[in-house]
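First comes the structure, then the notes that go with it.
Residue numbers (our numbering): 3 to 211.
The following block contains the structure:
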């Protein structure tokens with residue numbers, strides 16, 4: 003057995019031979035050398051998490067050049083969609099330069115991150131997301147939020163989009179106090195807090211019945 007042989011990435015019977023992840027989607031190109039049905043190559047979108055990968059808009063053909071053309075077209079389309087989405091903060095007048103260690107208070111293993119505004123290290127984000135609007139999160143829990151915890155997961159809510167996400171404690175660069183936040187982030191934090199208050203109020207109302 004060959005040492006250090008890289009494990010092949012498979013999608014069913016197809017080996018993924020090319021892939022690029024940009025924005026919220028990954029585009030993959032696969033090959034099944036043993037196929038005899040005229041579907042030797044495939045192109046698809048892939049979304050995956052720690053447990054499984056889901057493939058959508060799968061197209062197959064025995065024509066390699068055709069599938070490479072589709073792969074390129076899908077990459078181009080997704081790149082443009084991502085460019086437009088990432089340009090929105092600039093249109094809104096937001097200073098979206100990456101937040102560095104000098105802009106926040108760097109965390110240590112002693113810090114409790116629960117209900118703190120955390121700054122994600124730019125280098126752990128994909129290149130298109132290395133910007134302030136993708137770094138600032140409200141940490142709402144996870145074992146990694148506690149000091150000296152054996153767990154590492156930190157569950158967060160994005161201050162710009164309001165979307166939920168998961169990071170490792172080692173991904174956190176530092177914390178910022180609410181009063182130190184830029185205006186757009188203060189607005190996002192307020193919206194999240196108002197939504198949390200509504201949920202608590204609704205929960206309390208149910209318990210009283």
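Quick reminder that beta carbons are idealized off the backbone N, C-alpha and C, glycines included.
Using C-beta distances below 6 angstroms, list every residue in its chain close to residue i, excluding the 5 sequence neighbours before and after it, in chain order.
i           : result
residue 2   : No answer is possible for residue 2: it lies beyond the span of the chain, which begins at 3 and ends at 211.
residue 143 : 157
residue 48  : 28, 30, 55 and 57
residue 107 : 176 and 177
residue 76  : 29
Report the rounded CA-to-CA distance for residue i versus residue j, giving the unit in angstroms.
i           : j           : result
residue 43  : residue 60  : 10 angstroms
residue 168 : residue 36  : 39 angstroms
residue 145 : residue 14  : 34 angstroms
residue 89  : residue 105 : 23 angstroms
residue 12  : residue 38  : 18 angstroms
residue 4   : residue 137 : Unreliable placement is indicated for residue 4, whose pLDDT of 48 sits below 50; the coordinate value is still reported in the next sentence. Roughly 41 angstroms between the two C-alpha positions.
residue 111 : residue 103 : 16 angstroms
residue 17  : residue 9   : 10 angstroms
residue 201 : residue 68  : 50 angstroms
residue 165 : residue 66  : 38 angstroms
residue 182 : residue 70  : 48 angstroms
residue 129 : residue 53  : 24 angstroms
residue 199 : residue 93  : 31 angstroms
residue 124 : residue 131 : 8 angstroms
residue 180 : residue 74  : 43 angstroms
Excluding the 5 residues preceding and the 5 following residue i in the sequence, name in chain order all residues of the same chain whose CB lies nearer than 7 angstroms to its CB.
i           : result
residue 72  : 45 and 61
residue 126 : 173
Does the beta-carbon distance from residue i to residue j come in below 7 angstroms?
i           : j           : result
residue 40  : residue 64  : yes
residue 122 : residue 173 : yes
residue 91  : residue 135 : yes
residue 149 : residue 114 : yes
residue 190 : residue 161 : yes
residue 87  : residue 116 : no
Using the rule of at least 16 other Cβ atoms within 10 Å of the residue's Cβ for burial, across every protein chain shown, is residue i buried or exposed?
i           : result
residue 152 : exposed
residue 196 : exposed
residue 192 : exposed
residue 101 : buried
residue 80  : buried
residue 187 : buried
Starting from the C-beta of residue i, find all residues in its chain whose C-beta is less than 8 angstroms away, skip the five residues before and the five after it, and write them out in chain order.
i           : result
residue 50  : 28 and 56
residue 205 : none
Kindly give me the distance between the Cβ atoms of residue i and residue j, rounded to whole angstroms, as I take these residues to be in contact under 8 angstroms.
i           : j           : result
residue 171 : residue 154 : 5 angstroms
residue 25  : residue 84  : 3 angstroms
residue 33  : residue 19  : 5 angstroms
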